[in-house]
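Novice: For the sequence shown, the working numbering begins at 1 and goes up steadily by one.
Sharing a structure with you now.
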Amino acid sequence: MTDLLAIPEARRTAIAELRSALRPGMTVALSTHINADGDGCGSQTALARLLAQMDVKAFIVNPTPWPELFRWMLGDDVEDRTAKGAAALKGIDRLIVLDISDIGRLGVLADAVRALPQDALVIDHHLPGKEPPGKTMLSDTKACATAELVFDFARECGLEITTAIAQSLYTSLVTDTGGFRFGNTSPRCLSVAAELLAHGVNPETMYARIYGSVPLGRLFLLRDALDTLEVDLPAEMAWVTVPAGALERHQVSSEDLDGVAEYPRSIAGVSLALLFRDLGHNKVKVSFRSIAGVNVNALAKVFGGGGHARASGALIEGTIDEVKTRVLSEARRLRAAGALAD
Ligand SMILES: [Mn+2]
Numbered sequence: 001m002t003d004l005l006a007i008p009e010a011r012r013t014a015i016a017e018l019r020s021a022l023r024p025g026m027t028v029a030l031s032t033h034i035n036a037d038g039d040g041c042g043s044q045t046a047l048a049r050l051l052a053q054m055d056v057k058a059f060i061v062n063p064t065p066w067p068e069l070f071r072w073m074l075g076d077d078v079e080d081r082t083a084k085g086a087a088a089l090k091g092i093d094r095l096i097v098l099d100i101s102d103i104g105r106l107g108v109l110a111d112a113v114r115a116l117p118q119d120a121l122v123i124d125h126h127l128p129g130k131e132p133p134g135k136t137m138l139s140d141t142k143a144c145a146t147a148e149l150v151f152d153f154a155r156e157c158g159l160e161i162t163t164a165i166a167q168s169l170y171t172s173l174v175t176d177t178g179g180f181r182f183g184n185t186s187p188r189c190l191s192v193a194a195e196l197l198a199h200g201v202n203p204e205t206m207y208a209r210i211y212g213s214v215p216l217g218r219l220f221l222l223r224d225a226l227d228t229l230e231v232d233l234p235a236e237m238a239w240v241t242v243p244a245g246a247l248e249r250h251q252v253s254s255e256d257l258d259g260v261a262e263y264p265r266s267i268a269g270v271s272l273a274l275l276f277r278d279l280g281h282n283k284v285k286v287s288f289r290s291i292a293g294v295n296v297n298a299l300a301k302v303f304g305g306g307g308h309a310r311a312s313g314a315l316i317e318g319t320i321d322e323v324k325t326r327v328l329s330e331a332r333r334l335r336a337a338g339a340l341a342d
C-alpha cells in the first residue's frame, strides 16, 4: 500500500528552507488573509503552537479581526495582536504569511509587509497571485488546505501534534473541503484527517464548534441572501446579492457569509455561481464558485482577483448594479469563448 502521508520531495525541500530561516529565540508574526477563514485561523494557531516547540515565539497579526466562530482556537496560549495593526509587525524577526498567494490579500497590512526588512515566508495552496508575499514558499496547489502543509512541516521537523494543534488543523481541512465534499478532498487529505483523529480530535465536537454554533443572525442573513436569488439556466449561472449594511443589520460578520455561495451552486443545471456583496463606498466583493469543468479562477483574474479553480474571489470597484452587469456579461462571454473550461 502506498504511504499517503509520505511528504513529496518538493515540499520537503521547501520545509527545509523554511526551517533554516527560523532559529530558537526568534519572534515571528503570523498573518493570513482579510476575513480569515477556517484554514487561515487553523493554520495560524497550529503553527504558533508548533513554533513554540522550536522555541520560536509566534503571535498573530491579521488585517481583519479574528472571527468569533474560531475564538476557541486561540486558547490562552496563542496571542492575537491584530488590534495593534501594522505597528504589531515592528521589531519582529520574520513574518510568516499563510493561505495567501497575493500580497493584496493582506489588506491594510500589505504596505507594511512590503516595507519589512526581511522577506516574508509563505505557506499556501492557492494558484500563483500577481505579487507573491515572499520568496521562500512552501506552496502546493495539490494541498487540500494550507493546514495540510503545516501538518507536513510539523512531521518533517519532528514536532508533536498535540490535541489543540490537531483540532486547529482538522478545522482547516473540514472548512476548506466543505466537509470533505469538494474536489480537493484527496486521498492524502483524508489520511491527514484520519491522523488528526488519532491525535485526539473528536469529529462530533468539531462539527458542533464549526457548524453547530453559528449566531442566529447568520440564518437571517442567509434567508435575506436567498431572497435575492437569480438564475440564468441557459448560461448555467445563478447568483445571490448581499446589500450594503446587511451584515450590520443582522449583527454578524463576513465569516457568516461562508457557505452562502454553495446554495446557488447546488442548483441542478448550474455550473457557475456568484455571490455579490455590496461593501458600500463603491466597492463590491464577488465570490465565484463552480463545479467540475469550470475554472472560475480565470474569471476572477479578469477582475484582479484569484484563488482556486472552483472557488475564487475579487474586490471590484463600482456600484452593485454596475459590477453585477460587468461580471455577469464577462462570465457569459468567457464561457461562450471556452475560456473557463478546464
Ligand atoms: Mn485555504
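Built from N, CA and C at the ideal position, the CB exists for glycine as well.
No experiment lies behind these values; they were computed from the predicted model shown.
Taking the runs of the alpha helix (DSSP H) that are 4 residues or longer, which of them lie wholly in the region 252-321?
Specialist: 262-265 and 296-302
Novice: Spell out the partners DSSP gives ARG326 in its beta bridges.
Specialist: To locate residue 326, count along the sequence shown from 1; it is residue 326. Note: ARG326 sits in no beta bridge, so no partner.
Novice: Under 7 Å Cβ to Cβ from ALA314, same chain only, skipping five residues before and after it: list those, please.
Specialist: Here the question's residue 314 lines up with position 314 in the sequence shown. Hits under 7 Å: VAL286, ALA300, PHE303, GLY304 and GLY305.
Novice: Give the list of continuous beta strand (DSSP E) stretches no shorter than 3 residues that lie fully inside the region 76-128.
Specialist: 94-98 and 121-124
Novice: Pairing CB atoms from the region 153-172 with CB atoms from the region 184-197, are three or more of them under 8 Å?
Specialist: yes
Novice: Please report the distance separating the alpha-carbon of ALA235 from that of LEU275.
Specialist: Indexing the sequence shown from 1 puts residue 235 at position 235. Indexing the sequence shown from 1 puts residue 275 at position 275. In a straight line, the C-alpha of ALA235 is about 16 Å away from that of LEU275.
Novice: For ALA83 and PRO63, I'd like the C-alpha separation in whole angstroms.
Specialist: Locating residue 83 in the sequence shown gives position 83, where the first residue counts as 1. Locating residue 63 in the sequence shown gives position 63, where the first residue counts as 1. So the alpha carbons of these two residues sit roughly 9 Å apart.
Novice: At a cut of 8 Å, does the region 146-164 reach the region 115-130 through at least three beta carbon pairs?
Specialist: yes
Novice: Pull up the distance between the alpha-carbon of LYS57 and that of LEU30, whole angstroms please.
Specialist: Residue mapping note: residue 57 aligns to position 57 of the sequence shown, counting from 1. Residue mapping note: residue 30 aligns to position 30 of the sequence shown, counting from 1. Our two residues, LYS57 and LEU30, have alpha carbons roughly 10 Å apart in a direct line.
Novice: Could you say if the region 34-49 and the region 66-75 meet the contact criterion of at least three C-beta pairs nearer than 8 Å?
Specialist: Segments in contact, yes.
Novice: Does the beta-carbon distance from LEU22 to PHE153 come in below 8 Å?
Specialist: In the sequence shown, the residue the question calls residue 22 occupies position 22. In the sequence shown, the residue the question calls residue 153 occupies position 153. Against a cut-off of 8 Å, the Cβ pair of PHE153 and LEU22 comes out as no contact.
Novice: Do you know offhand how far ALA14's Cα is from GLY104's?
Specialist: In the sequence shown, residue 14 corresponds to position 14, counting from 1. In the sequence shown, residue 104 corresponds to position 104, counting from 1. Each residue's Cα considered, the two are about 23 Å apart.
Novice: In the DSSP assignment, find the unbroken beta strand (DSSP E) run with PHE220 in it and report its ends.
Specialist: The count along the sequence shown starts at 1 and reaches residue 220 at position 220. From DSSP, PHE220 is part of no beta strand (DSSP E) but of the alpha helix (DSSP H) over 216-226.
Novice: Under three-state DSSP, which class holds PHE153?
Specialist: Mapped onto the sequence shown, residue 153 falls at position 153. In the structure shown, PHE153 sits in a helix (DSSP, three-state: H, G or I).
Novice: What span of residues does the alpha helix (DSSP H) with MET73 cover, start to end?
Specialist: Position 73 of the sequence shown, counted from the start, is the residue given in the question as residue 73. 71-74 is the span of the alpha helix (DSSP H), which, as asked, contains MET73.
Novice: Could you pull the DSSP bridge partners for TRP239 from this structure?
Specialist: Stepping through the sequence shown from its first residue, residue 239 is reached at position 239. In the DSSP output, where bridge partners are listed per residue, TRP239 has GLU230 and LEU274.
Novice: Compute the minimum distance between the beta carbon of THR136 and the heavy atoms of ligand 1, and state whether it is under 7 Å.
Specialist: To locate residue 136, count along the sequence shown from 1; it is residue 136. Look at THR136: its beta carbon is at least 7 Å from all of the heavy atoms in ligand 1.
Novice: Using only CA atoms, which one of GLU9, ILE96, MET73 and GLY42 lies nearest to MET26?
Specialist: Walking along the sequence shown from the start, residue 26 turns up at place 26. The option with the nearest alpha carbon to MET26 is ILE96.
Novice: With a CB to CB cut of under 6 Å and the five nearest residues on each side skipped, what residues in its chain are close to MET73?
Specialist: One-based indexing of the sequence shown puts residue 73 at position 73. Excluding five sequence positions before and after MET73, the CB atoms of its chain that fall closer than 6 Å to its own CB belong to CYS41, THR45 and SER168, given in chain order.
Novice: Using CA coordinates, which residue listed in GLU317, GLY259 and PHE288 is at the minimum distance from ASN282?
Specialist: Taking the first residue of the sequence shown as position 1, residue 282 is located at position 282. Per the Cα distances, GLU317.
Novice: Quick check on THR175: buried or exposed, where buried means 16 or more other Cβ atoms within 10 Å of its Cβ?
Specialist: Within the sequence shown, the letter at position 175 stands for residue 175. Looking at its Cβ environment, which holds 16 or more other Cβ atoms inside 10 Å, THR175 is buried.
Novice: Check each residue's C-beta against every heavy atom of ligand 1 and list, in chain order, those closer than 6 Å.
Specialist: ASP39, ASP99, HIS125, ALA145, THR146 and ASP176
Novice: Label GLU322 either buried or exposed according to how many other C-beta atoms from any shown protein chain fall within 10 Å of its C-beta, with 16 as the threshold for buried.
Specialist: Looking up residue 322 in the sequence shown gives position 322. That one is exposed.
Novice: Alpha helix (DSSP H) containing SER20: first to last residue?
Specialist: Counted from its first residue, the sequence shown places residue 20 at position 20. In the DSSP assignment, SER20 falls within the alpha helix (DSSP H) that extends over 9-20.
Novice: Ignore the nearest five residues each way along the sequence and tell me which others in PHE70's own chain have a CB closer than 6 Å to its CB.
Specialist: Counted from its first residue, the sequence shown places residue 70 at position 70. Once the five neighbours on either side are set aside, the close Cβ partners of PHE70 are CYS41.
Novice: Closest to GLY346 by CA distance: which of ILE60, ILE100, TRP239 and ARG335 is it?
Specialist: Because the chain in this structure spans residues 1 to 342, residue 346 falls outside the shown range and cannot be described.
Novice: What residues match up with LEU50 in a beta bridge as DSSP calls it?
Specialist: Against the sequence shown, residue 50 aligns to sequence position 50. BP columns for LEU50 are empty, so no partner.
Novice: What are the start and end residues of the beta strand (DSSP E) that includes LEU30?
Specialist: Along the sequence shown, read from residue 1 onward, the residue named residue 30 stands at position 30. Element bounds for LEU30: 27-32.
Novice: Look at the alpha carbon of PHE288 and the alpha carbon of ASP93, and state the distance between them as a whole number of angstroms.
Specialist: Your numbering for residue 288 matches position 288 in the sequence shown. Your numbering for residue 93 matches position 93 in the sequence shown. Between PHE288 and ASP93, the C-alpha separation is close to 37 Å.
Novice: Is DSSP giving ILE60 helix, strand or coil here?
Specialist: Indexing the sequence shown from 1 puts residue 60 at position 60. Note: ILE60 maps to strand in three-state DSSP.
Novice: Applying the criterion that 16 or more other CB atoms from any shown protein chain within 10 Å of the CB defines a buried residue, is MET206 buried or exposed?
Specialist: Here residue 206 refers to the residue found at position 206 of the sequence shown. MET206 comes out buried.
Novice: Measure the alpha-carbon distance for HIS250 versus LEU221 and round it to whole angstroms.
Specialist: Translated into the one-based positions of the sequence shown, residue 250 becomes position 250. Translated into the one-based positions of the sequence shown, residue 221 becomes position 221. Rounded to the nearest angstrom, the two C-alpha atoms are 7 Å apart.
Novice: Tell me the DSSP secondary structure of MET137 in three-state form.
Specialist: Working through the sequence shown from its first residue, we reach residue 137 at position 137. If DSSP states are grouped into helix, strand and coil, MET137 belongs with the strands.
Novice: When the Cα of ASP102 is compared with those of CYS189, ASP111, ASP227 and LYS130, which residue comes out closest?
Specialist: As a first step, residue 102 must be located in the sequence shown, where it is residue number 102. Closest by alpha carbon: LYS130.
Novice: Is the beta carbon of LEU272 less than 8 Å from the beta carbon of ALA309?
Specialist: Position 272 of the sequence shown, counting from 1, holds the residue named residue 272. Position 309 of the sequence shown, counting from 1, holds the residue named residue 309. Their beta carbons are not under 8 Å apart, which means LEU272 does not touch ALA309 by this criterion.
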